[in-house]
Ligand code: SF4
């Protein structure tokens, strides 16, 4: 038995065979609880820290969202697909909610996976005290880091928090030599102006980021708000195609050494 096997946390899902949460085939573990309230959040059931009820899909019956699990239980699920990770260059990704909000649990999973030779990645908003975040980031192989906008007032409206800490933490991670991919969710009328995207690209380039991924807006999570008896604030907003994002990018001046993908 390892010293971290019994550390527990709250998760709301484990998805096997993910291909969008880092390289190769991955198992994504979704931690529950997030201090942000992004207007477009496609996983509203991830936001509350408490276990809660949500209506089942197309039914009035309710089901519990979230459960307390140990690192040992998470690793048993993850290691089932070790052979796929090895063949595809994949591994385990911790996502949320906000992974940094359960630092002891997240860092223990990263330690356990690393000990098994499994590649580790974290998806994060970066919103945490750096000392706390570093406990999670220090030993992780890849950080997928959201930057949602440069204008702080707009950022507060869009997410409920200032972007200052998020940008500071990103700078520190790059200074410490961590492998970071910045991800930018594009949200119509909220952060998809040429000015904002250019600002993100320039900021990322100046601090030494090498890779940015643009994520066009989708509404896949909209139905979940109703199932949670909550309001979706972006009702009626049009989704964006990959071509739209590419067209937007064609208007951006791209610094040398920065790879931008859609
Ligand atoms: S940071 Fe992620 S999980 Fe948290 S509210 Fe925003 S989109 Fe949702």
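Numbering (the numbering used here), first residue to last: -16 to 245. Where a beta carbon is used, it is the ideal one built from N, C-alpha and C, also for glycine.
Residue-level contact to chain D via CB, residue i, 8 Å cutoff
i	result
residue 222	Included in the structure is just one protein chain, with no chain D present.
Boundaries of the beta strand (DSSP E) in which residue i is found, first to last residue
i	result
residue 13	9 to 14
residue -2	-9 to 1
residue 104	102 to 107
residue 225	Premise fails: residue 225 lies in the alpha helix (DSSP H), 225 to 232, not in any beta strand (DSSP E).
residue 35	35 to 38
residue 242	242 to 244
Residue closest to residue i, alpha-carbon to alpha-carbon, out of the options
i	options	result
residue -3	38, 60, 8	60
residue 144	109, 116, 159	109
residue 135	30, 159, 146	146
residue 175	3, 235, 27	235
residue 133	33, 43, 186	186
residue 162	139, 180, 127	127
residue -6	32, 0, -15	32
residue 165	139, 183, 2	183
residue -1	66, 238, 155	66
residue 8	-8, 71, 95	71
residue -16	207, 55, 16	55
residue 219	23, 2, 245	23
residue -9	52, 43, 35, 21	52
residue 26	242, 139, 213	213
residue 181	131, 156, 21	131
residue 82	41, 36, 129, 37	129
residue 137	179, 44, 118, 43	179
residue 1	119, 64, 20	64
residue 237	111, 107, 156, 177	177
residue 246	159, 37, 58, 41	Any property of residue 246 remains undetermined from this structure, which presents the chain solely from -16 to 245.
residue 114	243, 156, 233	156
residue 45	221, 57, 209	209
Sub-8 Å separation of residue i and residue j beta-carbons
i	j	result
residue 105	residue 77	yes
residue 28	residue 211	yes
residue 223	residue 171	yes
residue 152	residue 116	yes
residue 74	residue 101	yes
Limits of the alpha helix (DSSP H) - the one that residue i falls within
i	result
residue 206	205 to 210
residue 47	Per DSSP, residue 47 belongs to no alpha helix (DSSP H); it is in the beta strand (DSSP E), 45 to 48.
residue 142	135 to 142
Task: Given 8 Å, three or more beta-carbon pairs between the stretch 73 to 92 and the stretch 119 to 130 - done: In short, these stretches touch, since the Cβ pair count reaches three.
Open item on the list: Check whether the stretch 7 to 20 and the stretch 191 to 207 are in contact - that is, three or more C-beta pairs closer than 8 Å.
Closed with: Taking 8 Å as the limit for Cβ pairs, the verdict is that the stretch 191 to 207 does not touch the stretch 7 to 20.
Task: Stretch-stretch touch, CB-based, cutoff 8 Å, three pairs: the stretch 225 to 236 with the stretch 197 to 209 - done: Between the stretch 225 to 236 and the stretch 197 to 209, the count of Cβ pairs shorter than 8 Å is three or higher; the stretches touch.
- [ ] May I have a chain-ordered list of the beta strand (DSSP E) segments no shorter than 3 residues that lie completely inside the stretch 145 to 184?
- [x] The qualifying runs are 163 to 168.
Task: Unbroken stretches of the beta strand (DSSP E), 3 residues or longer, contained in the stretch 57 to 131 - done: 74 to 78, 102 to 107, 125 to 129
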